[in-house]
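**Student:**
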Amino acid sequence: MITERGQPAGKAGAVDILRWPLAGRFLRWRHARLALQAPLFLLAGLMLFDGFFGPQLAPKNLATVGAWLQYRGLVVLALLIAGNLFCMACPFMLPRRLGRLIRRRFLAGGHPVPRALRNKWLAVALTAVFFYVYERYSLWASPWLTAWVAAGYFLAAFLVDTWFEGAAFCKYVCPLGQFNFFGSLVSPLEIRVRAPSVCAACATKDCIRGRRVGEHGPQASPAGHEVRPYDETRPEKVTIPGCELWLFQPAKAGNMDCTFCLDCVHACPHDNIGLIGRLPTAELWGDPFRSGIGRFSRRADLAALVVLLTFASFINAFNMIRPVYTLRDRLAAALGLPSPAPLLLLTFVLGLIVLPALLVALAGWASARLAQPHETIAAAVQRYVYALVPLGFGMWVAHYSFHFLTGGLTIVPVVQSFLADVGLYGGPVQWGLGPVVPGAWLFPIEAVFLYLGATGALIVAFQISQRPGAGAPGNQGRGIAAALPWFVLILLLLAAGLWILVQPMDMRGTMQMIGLPGTGG
Amino acid sequence: MKFQRHALTGLALMLLLLFLAGCGRIQAARANQSSADIAVDLQIIPEAPATQQASTLQISLRDRNGGPIDGATVTVEGDMTHAGMTPVLATARPAGGGRYTAALTWTMAGDWQITVKATLADGRTAQRAFPLRVGEGH
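Chains as they are written, first to last, in my numbering: chain P, -4 to 516; chain F, 84 to 221.
1) Within the 8 Å Cβ cut-off, does arginine 92 of chain P reach chain F?
2) Is serine 143 of chain F helix, strand or coil by DSSP?
3) Note the first and the last residue of the continuous beta strand (DSSP E) segment covering arginine 187 of chain P.
4) Quick one: what's histidine 106 of chain P bridged to in DSSP?
5) With distances taken from CA atoms, which of P:Ala352, P:Thr405 and P:Leu496 is nearest leucine 484 of chain P?
6) Return the first residue and the last residue of the alpha helix (DSSP H) that methionine 88 of chain P is part of.
7) Taking all protein chains shown into account, decide if arginine 229 of chain P is buried (16 or more other Cβ within 10 angstroms of its Cβ) or exposed.
8) Is the region 288 to 300 of chain P in contact with the region 97 to 113 of chain P, if contact means three or more CB pairs nearer than 8 Å?
9) Contact criterion: CB-CB distance below 8 Å. Does proline 151 of chain F meet it with respect to chain P?
10) Can you confirm whether glycine 193 of chain F, when its beta carbon is compared against all beta carbons of chain P, has any partner nearer than 8 Å?
11) Taking the alpha-carbon of arginine 273 of chain P as reference, which of P:Pro183, P:Val443 and P:Cys263 has the nearest alpha-carbon?
12) Got a sec: which bits of the region 189 to 218 of chain F sit with their beta carbon under 8 Å from any beta carbon on chain P, in order along the chain?
13) Going straight from the alpha carbon of glycine 206 of chain F to that of leucine 125 of chain F, what length do you get?
14) For the 8 Å Cβ check, are there 3 or more pairs between the region 322 to 336 of chain P and the region 407 to 414 of chain P?
15) Is alanine 166 of chain F close to chain P? Criterion is C-beta to C-beta, closer than 8 Å.
16) From the DSSP output, in three-state form, read off valine 10 of chain P for me.
17) Rounded to whole angstroms, what is the Cα-Cα separation between alanine 299 of chain P and alanine 361 of chain P?
18) Could you name the residues of chain F that leucine 55 of chain P contacts, counting a contact when the two beta carbons are closer than 9 Å?
19) Tell me which residues share the same chain as leucine 303 of chain P and place their Cβ nearer than 8 Å to its Cβ, disregarding the 5 neighbours each side in the sequence.
20) Would you call the region 180 to 194 of chain P in contact with the region 89 to 97 of chain P, where contact means no fewer than 3 C-beta pairs closer than 8 Å?
21) Closer than 7 Å between beta carbons: that is the criterion. Which residues of the region 57 to 75 of chain P meet it against chain F?
22) Have a look at methionine 168 of chain F and threonine 321 of chain P and give me their C-alpha separation to the nearest angstrom.
23) Thinking C-alpha only, which one of P:Glu278, P:Trp15, P:Phe126 and P:Trp426 is nearest leucine 339 of chain P?
24) Is there a Cβ from chain P that is less than 8 Å from the Cβ of glutamine 135 of chain F?
25) For alanine 215 of chain P and histidine 26 of chain P, I'd like the C-alpha separation in whole angstroms.
26) For a quick check, are the C-beta atoms of valine 159 of chain F and glycine 193 of chain F less than 8 Å apart?
27) Just grab the DSSP bridge partners of leucine 172 of chain F for me.
28) Can a CB atom of chain F be found closer than 8 Å to the CB of proline 224 of chain P?
29) For alanine 4 of chain P, count the other beta carbons within 10 Å of its own beta carbon; 16 or more makes it buried, fewer makes it exposed. Which is it?
30) Between glutamine 87 of chain F and chain P, is the shortest Cβ-Cβ distance under 8 Å, so that the two count as touching?
31) Please report the residue range of the beta strand (DSSP E) in which tyrosine 183 of chain F lies.
32) Three-state secondary structure (DSSP) at serine 334 of chain P?
33) Cβ of proline 264 of chain P within 8 Å of Cβ of arginine 207 of chain P?
34) Compute the Euclidean distance between the alpha carbons of leucine 134 of chain P and glutamine 244 of chain P, then round it to the nearest angstrom.
This is the structure:
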């Protein structure tokens, strides 16, 4: 049974990572996030440096290997087995601390995000542009451009979060964050309250307001340390922030917009928030009111984000297969185009806008007719579209795991090469290292992820059809019938995904990448 | 708060140290630049290489006067332009007249960069990269 808040009821025995002896103790430590961000920040610095000044060949550069291979492979793995761990350790948020200082001293505090921008539309547009730019300029093949993208990210996060209050960059802008929110909708862990009754009795609501250490008198913090006795003559300046994405814990449901920053955990004076296990996809079955978000069924921007990220998972892989390259080259030649670039743009317009709109609208139209006669297409779409999340994420996992499993070990020789160049390594660079698994295992692994995603999608569509209001009252059959068009769409996308995965891949980059400084070409 | 200040200061210092150490990466890159007196050319047979088919690489080394350079150690490295792909390597055999030959088998279709590195008997080095597109073999 799913409660109104979308949380499984009666889950007294659920796993709670924050209660584990080592991991839990570490995560309950106030500076856990900083401890995770610091090494990633250093890694990002190294990647930036190597991207700008190192060898400009993608397989030999920390920027490209780190970003397009290691990060993408590990982030989907983390989302699959845990949750939004990358956002928890996000290095782009570290310079924000300096931004806050600037904001306090020179900008008289942060500015609220304009109401017109308090949605995902900007993030949807930026994410679509990012996917296009990635293909158009072959970012995977260019350490230099990859470094510029990362540098731009740091700058954008710094500027947005210095000017605006809260975590505006995470919530309304960051394409990486939107991808992580999307994937975390099917993750097995969620930050949520342990006992709602404790929150009901809480008068201070520190989880969202934040608190000063010692504010509640000489009592232990959840971690049992870092507390100084409360002194009225010397008020503590230390503040533990509350949730900056406006997710009020008692009313929070699910992982959308949750960066796993753990501010709420550290701020809660009652130690009533955990990192709790749940059934993957279960948060998509219901449509509760979610703090800081509202109801999914009333958020057209969220529906658009889901559609974009689902179809982008197919287009991203589609653009790497040989039949597509061959077709584009021939069309470009036939049309007398100087390059296939206009056709790439056409692919994106068709694949990310026209085709998704048509397919989703068609499924929504059929669904609306099969359910309540008076349901609009928009209402049907905004109810069922979230069933696509597991399938879209499954396709992303299949694709990114292919690259990671094909070349995940190349990080070893790249690091050896870097250390050798700086005089810290004198042994042979093992350029022969690459695949993590035998080549024959790749397609079966990819297929498993895709099938799991499709199965999850079918389950979500079915569960949505059973939701109160999904069919005519007391008529369960009409509810299931309304899900049928979505079953068909899911199976069509599954077939398309399998076809894409069996096609030969062409690892192409723009040939003019060779000839940039440092390539020697 | 104090802990955070110390941690962030330490982080900034470590980043600076890493950047300074990384300067060695730039130095190493500069050291690999080739002598302008040596011309390196490459011919690939067949002209349209494909996977699952061995290609013969014919390298030519010439001095500034166009004269052949013999006695060099010539290596060939093929790298795809996509991160995560392992390179293919070969050492070329001298064929006389400033020519050297090597054989490579391409592991995947797509864009490659072939880097020819030559170390002459007198210690001078030469390096040149050549872009290449490999098709799908049958």
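Using N, Cα and C, we set each Cβ at its ideal position, and we do this for glycine too.
**Tutor:** On the basis of the data shown:
1) Yes, arginine 92 of chain P counts as interfacial toward chain F.
2) The three-state secondary structure of serine 143 of chain F, taken from DSSP, is strand.
3) It spans 184 to 188 - the beta strand (DSSP E) in which arginine 187 of chain P sits, taken as one unbroken run.
4) In DSSP, histidine 106 of chain P forms a bridge with P:Phe159.
5) The shortest Cα separation from leucine 484 of chain P among P:Ala352, P:Thr405 and P:Leu496 belongs to P:Ala352.
6) Run containing methionine 88 of chain P: none; DSSP gives neither H nor E here.
7) With a pLDDT of only 42 at arginine 229 of chain P, under the threshold of 50, the placement of this residue in the model should not be trusted, and no figure is reported.
8) Taking a cut-off of 8 Å for Cβ pairs, the region 288 to 300 of chain P and the region 97 to 113 of chain P do not touch, as fewer than three such pairs fall below it.
9) By this cut-off, proline 151 of chain F is not an interface position.
10) Under the 8 Å criterion on CB atoms, glycine 193 of chain F is classed as interfacial with respect to chain P.
11) When each option's Cα is compared against that of arginine 273 of chain P, the closest is P:Pro183.
12) The residues in question are Met191, Ala192, Gly193, Asp194, Gln196, Thr198, Gln210, Arg211, Ala212, Phe213, Pro214 and Arg216.
13) If I take the Cα positions, the gap works out to 21 Å.
14) Too few Cβ pairs lie closer than 8 Å, so no.
15) For alanine 166 of chain F, the answer is yes, since a Cβ of chain P falls inside 8 Å of its Cβ.
16) DSSP places valine 10 of chain P in coil when its eight states are reduced to three.
17) Per the coordinates, the alpha-carbon of alanine 299 of chain P lies some 19 Å from the alpha-carbon of alanine 361 of chain P.
18) For the sequence presented, residue 55 of chain P should be read as lysine rather than leucine. Per Cβ cutoff of 9 Å: Asp162, Ala166 and Pro170.
19) Excluding residues up to 5 positions away in sequence, Val119, Thr122, Ala123, Leu347 and Pro351 lie with their Cβ nearer than 8 Å to the Cβ of leucine 303 of chain P in the same chain.
20) Two segments are said to touch when three or more pairs of C-beta atoms, one from each, lie closer than 8 Å; by this definition the region 180 to 194 of chain P does not touch the region 89 to 97 of chain P.
21) Flagged, chain order: Thr59, Val60, Trp63 and Leu64.
22) Distance between the alpha carbons of methionine 168 of chain F and threonine 321 of chain P is about 22 Å.
23) When only C-alpha atoms are compared, the closest one is P:Phe126.
24) Not flagged as an interface residue toward chain P: glutamine 135 of chain F, since no C-beta distance is shorter than 8 Å.
25) Only weak support exists for where alanine 215 of chain P lies, its pLDDT of 42 falling under 50; the coordinates are left without a value.
26) With respect to the 8 Å criterion, valine 159 of chain F and glycine 193 of chain F are not classified as neighbours on the basis of their beta carbons.
27) Beta-bridge partners assigned by DSSP to leucine 172 of chain F: F:Glu160.
28) Annotation note: pLDDT 37 at proline 224 of chain P (below 50); position unreliable, no value reported.
29) Caution is warranted here: a pLDDT of 38 is assigned to alanine 4 of chain P, below 50, making its placement in the model unreliable, and the coordinate value is therefore given only provisionally. That one is exposed.
30) Output row for glutamine 87 of chain F: interface = yes.
31) Looking at the DSSP string, the run of the beta strand (DSSP E) that includes tyrosine 183 of chain F is 182 to 188.
32) Secondary structure at serine 334 of chain P: coil, using DSSP grouped into helix, strand and coil.
33) The answer is no: Cβ separation not under 8 Å.
34) Answer to the nearest angstrom: the Cα atoms are 39 Å apart.
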